[in-house]
Amino acid sequence: MNIRTKLLITALATGFIPVTIIGGFAFFESRDAFLNQAFSQLESVRDIKKTQLQTFFAERESDMHVLLGMVATLKQNAFQKLQAVQNSQKAQLERYFQERLNHVRILSQNHALIETLEQFQPVEQAHNHKTDDHDHKATSSDTLENPLGEELKQYQQAYGYDDLFLITKTGQIVYTVKQGTELGRNVLNGALKNSHLSQAFKKGLNSIAIQDFAPYAPANNQYIAFITAPVFHEDELIGVWALSFLPDTINAIMQKPEGMGETGESYLVGQWDDQTGYRSNRVVKGKEALIGYKKSGADIDKALMGQSGIAVKTGSTGDLELGAYAPLQIPGLNWCIITTINLKEVLVSKLENEQEDFFAKYIRQYDYYDLFLIHPEGKIFYTVEHESDYLTNILTGQYAHSGFSQLIKQVLQSKTFEISDFAPYAPSNDEPAAFIAQPLLHNGEIELVLALQFSDHATNKIMQQRAGMGKSGETYLVGSDKLMRSNSFLDPTHHSIIASFANPTLGTVDTQATRSALAGKTGKEMIQDYREQPVISAYTPITIGNITWALIAEIDQAEALNAMTQLEWLLVFTTLFIGLIVLIFLNSASKRLTKPLLQINEHLKMLAQGKVIDDDIQYKKEDEIGELSNSTRLLKQGITRSIAQANAIAAGDYSQEIQLRSKHDQLGQALTEMTQVLRESTSQNLKQDWLKSGQAHLNELMSGEQNIETLAKKIITFLTTYIEATVGLFYLLKAAAQTAEQKPALHRIASYAYTQNDNIQHVFLIGEGLIGQAALEHKTLLRMPAPEEYSPIIQSGLSQAVPRYVIFLPFLYENTIKGVIEIGASSQLNETQQAFLEQMMVNIGIAVHTAQSRTEMQKLLESSQLQTETLQKQQLELESKQSELQQNNEELQSQAEELQSQSEELQTQQEELRQTNEMLELRTRDLESQKADIQDKNRALEHTKAEMERAHTEMKKARAAIETKAKVSVAIAGRIIKEGLVHVNGMLVKKPAYDVNESDKIDVTEHKNYV
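Position 370 (the sequence shown) corresponds to 370 in my numbering; numbering is contiguous.
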């Protein structure tokens, strides 16, 4: 072997072997760098997914708070309406019984009836020695024949009484209007001994009293109540008046449908003999709930103890009801009024001509599967989907062992927001379902529970975003049971949520990554995935409420290290090429080549450790090592840019643009796609946050009791400032009766930053101008007026201007126009601002309607109170006049007795009668004057409501009773004069005949005219 060969061999050994070693070392260092880069990319994707999921569930909790606020508002509005109806019915009932008490009081003080009852005393004493009731019945009937008997019949018919009873103090019934079987009987013995007429009589001996409804045998066992009052003659008890009446009028009051909706009703419950039962018939249950049937409940017990309030309860039909209860102030009766309405009707509203209610629209819009309203006792009284769990008890029924049931139990115990993990749920075809729930609280007590059933669409949408995942990359969720919580991209057949729960044997994910993540660890590894394929995996636990899932991001090793394989071949060819160079350039060339290779090695080691050094590779020649230097330099730059971009993405900055190193730069392309998707997602989230924040703030401003002007001012101020407009006007539709116009018109009642201008119209008819046209068409109008079309309405201390863009938004309630909002802006509104304004019109319509309804109810309440006070004043005036008339009658009786006692001297008697006539004429004129005063008052009360008209009718009937008493008194006086009767030893007997001059006779006609 010659020297040349040795030199060649030495050169080859000296140059090729080091190059081979350096190339291999650089390969492995580069492999680690690429592997770390793949891990970093997976970790970035994993952390982004985790943030998105946490944001998603936080938004769902916020949505739940908003929903609960709406439910609470609906319930409060329904209770106020229910309470207003109940107060009206309560006032009518109490007035009805007060009128009945006044009637019996007047009858018990009627002088003519007292005298008539006094006449029965000797007859009754005689009857006590006989046994024939028919004789006494005949005597009673004959005694109260015309005109008094006819007047009492008219009285009974006019006031709707079933019968009127006149009973002596010993219990003998001496008169009834209907002349029934009771006439002539004694209420203290015989067939009537145990009747509630007997009980009413005993109470009536002492004072005016009411005997509650009970079956009454003489009236075919109909339910009848009695009102009784004692009758006195010269402070001596001589008998009792009893008035009987049926419950028909009470039922009519309770069964009025106004303001009760489809399921609302009111009924009465009373307490007697230690038991409680209906005191009026019910409409909803019909014959199953008639007066007298037993009825009990916690709300009834509270009302009978004098308490008022509201309660959510299970009604007798099995449905949940919102009920208001209150005691009735009726002397002698322990009654209460119960007003109820189906809770579903209260909370689930549906706009006119709409197929879906609000909750159905809500779950469609926000991608939920179902929505539930649940009573604290467990009954599901509303769902959107109406699956088999509808109207069942989730706590005690057939689904009591489901995950949903356990969630409701947690909510009832914690009284806070709770979430449940996915688990098979039988009503939803036994497919996996997850739920969130939160209670509606009132004074710390749960009124109902609102729950939402998740659809897996939203979470799958987040997990299956493909940006930066290549062909084999995927992210998925695994639960503590090692089953899927999101669908797999690579194996949806066996590893979707549904398939995983349906067949756990094939759907379980039990890998090193899932075990570590469920143990609370965050990390990265090269493992075998659930397909038994080698993958690069990044994992972390994610906690939602009290649930822990494993969040896994994986990509096949073959795809992740594909660039490394290409680099491997590149290094092999480079090494061979360098070997040829070493062979050519000998030892000196190998020395020159070793230095840059060492520099490259140092840089690659730093890159392998995750550190990028600032020193550049000092090699400028255009050879293979130069290319290797450039490749390493480009690799450093690419990794530096990737680190900066990953840091920016982690900080929420998606504005940077990715610069591709070449058209084959897969990592750059993946980062570009991921950044674009995140940028769009962030923009959409910001828009949604802006919309929801505005909706929540405005709903909060509109809540509570406010008058319409304050509410309008808050609304227009918030809308104008929130969308950064310059001026806003609020127009409210007012009826023709409320304004000077002959038709309903839109009136400006509030504004923001508006300068008053008398030349600008502020009242518009429907269809008049753009404001009236928006109201007519029920749709939003947008205009861009020229400067000359608008007067300057935007002013400051330095300038004035007109809005360049104007939008007109009508707001409605149940498809009825309520008003129009006009907003002007200096710049054009974007789509999000317009969408926000149009979405809020529905809530504004509801709020305006609620404020108007509250104002109208307040006016009705004040009117009712004023009418009640007027009636009370008139009642006092009637009682005063009744007292005066009674005094006059007593004086007339005294004069008649003087005529009887002075029968010995006819001349003296005639003189006294003439004096009596003069006094009667004087009193007649006084009564006529009083009658004229009463007629004037009646004319002043003609335009009042039904309560005032009934008071007017009672005044007429009271006047008729007074006339009847006067007629009886005159008839008695006339009989005394005509027949010459005198009072001897308590008996009326004829006096001896005397000569009476024709001129001295008493003109009975004058006594009749006295009436």
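Glycine included, C-beta positions come from ideal geometry on N, C-alpha and C.
Quick caveat, the model's predicted, so the values are computed rather than measured.
TODO: Please list, in chain order, all residues of the same chain as residue 272 whose beta carbon is under 7 Å from its beta carbon, the five residues on each side excluded.
DONE: 212
Task: Proximity to residue 40 [Cα-Cα], best of 647, 688 and 500 - done: 647
- [ ] Return the Cβ separation of residue 260 and residue 280 in integer angstroms, given the expectation that the two are a contact with Cβ distance under 8 Å.
- [x] Their Cβ separation, rounded to whole angstroms, is 14 Å, which puts residue 260 and residue 280 out of contact at 8 Å.
TODO: Have a look at 181, 574 and 171 and flag the residue whose alpha-carbon is nearest the alpha-carbon of residue 188.
DONE: Cα-wise, what sits closest to residue 188 is 171.
Open item on the list: Using only the alpha-carbon positions, how far apart do residue 78 and residue 752 sit?
Closed with: 32 Å
Task: Alpha-carbon spacing of residue 336 relative to residue 414, whole angstroms - done: Near 36 Å, if we compare the C-alpha coordinates of residue 414 and residue 336.
TODO: Could you tell me the boundaries of the beta strand (DSSP E) in which residue 326 lies?
DONE: 320-327
- [ ] Only counting runs of 4 or more residues, tell me where the alpha helix (DSSP H) segments fall wholly within the region 79-113, in order along the chain.
- [x] none
Task: Pairwise C-alpha distance: residue 629 and residue 602 - done: 12 Å
Task: CB of residue 448 within 8 Å of CB of residue 438, strictly - done: no
- [ ] From the DSSP output, read off the bridge partner residues of residue 311.
- [x] Checking the DSSP bridge columns, you'll see residue 311 partnered with 323.
Task: CB-CB length for residue 221 against residue 270, believed under 8 Å - done: No, residue 221 and residue 270 are not in contact; Cβ-Cβ is about 19 Å, not under 8 Å.
Task: For residue 702 and residue 715, believed in contact at Cβ under 8 Å, the rounded distance - done: 7 Å
Task: Delimiting residues of the alpha helix (DSSP H) encompassing residue 403 - done: That run of the alpha helix (DSSP H) goes 403-414.
- [ ] Inspect the beta-carbon positions of residue 540 and residue 514 and report whether they are closer than 8 Å.
- [x] no
Task: Validate contact between the region 816-829 and the region 673-691 using beta carbons, cut 8 Å, 3 pairs - done: no
Open item on the list: So, for residue 71: in the same chain, excluding its five sequence neighbours on each side, which residues have a beta-carbon less than 7 Å away from its beta-carbon?
Closed with: 347, 440 and 450
Task: Proximity to residue 223 [Cα-Cα], best of 191, 169, 293 and 256 - done: 293
Open item on the list: If we require 4 or more residues per run, which alpha helix (DSSP H) segments fall completely within the region 850-899?
Closed with: none
TODO: Please go through the same chain and pick out, in chain order, the residues whose beta-carbon is closer than 6 Å to the beta-carbon of residue 282, but skip the five residues on each side of it.
DONE: 267 and 289
Task: Span separating the alpha-carbon of residue 614 from that of residue 511 - done: 40 Å
Task: Close Cβ partners of residue 377 (< 8 Å) along its chain, the five nearest in sequence each way excluded - done: 314, 393 and 395
Open item on the list: Which of the three DSSP states is assigned to residue 116 in this structure?
Closed with: Three-state DSSP puts residue 116 in a helix.
TODO: For residue 275, write down the residues that DSSP places opposite it in a beta bridge.
DONE: 272
Task: Alpha carbon of residue 559 to alpha carbon of residue 434, nearest angstrom - done: 35 Å
Task: Supposed close pair residue 805, residue 828 - CB separation, criterion 8 Å - done: 5 Å
Open item on the list: Does residue 244 come out as helix, strand or coil in the three-state DSSP assignment?
Closed with: strand
Open item on the list: Please state whether the Cβ-Cβ distance between residue 487 and residue 480 is less than 8 Å.
Closed with: Taking 8 Å as the Cβ cut-off, residue 487 and residue 480 do not qualify as a contacting pair.
Task: Where residue 989 falls: helix, strand or coil (DSSP) - done: Only weak support is given to the placement of residue 989: the predicted model assigns it a pLDDT of 49, under 50, and the value that follows is read from those uncertain coordinates. In the structure shown, residue 989 sits in a strand (DSSP, three-state: E or B).
TODO: Please specify which runs of the beta strand (DSSP E), each continuous and at least 3 residues long, are wholly inside the region 456-538, giving them in chain order.
DONE: 474-478 and 523-528, all fully within the region 456-538.
Open item on the list: Taking 6 Å as the limit between beta carbons, can you name the residues of its chain near residue 156, skipping five residues before and five after?
Closed with: 164 and 177
Task: C-alpha gap between residue 110 and residue 74, whole angstroms - done: Cα to Cα, residue 110 sits roughly 55 Å from residue 74.
Task: 7 Å CB neighbourhood of residue 932 in its chain, flanking five on each side removed - done: none
Task: residue 869 versus residue 57: straight-line alpha-carbon distance, rounded - done: 58 Å
- [ ] Could you tell me which residues DSSP puts in a beta bridge with residue 431?
- [x] 425
TODO: Indicate whether residue 49 and residue 674 have their beta-carbon atoms separated by less than 8 Å.
DONE: Their beta carbons are not under 8 Å apart, which means residue 49 does not touch residue 674 by this criterion.
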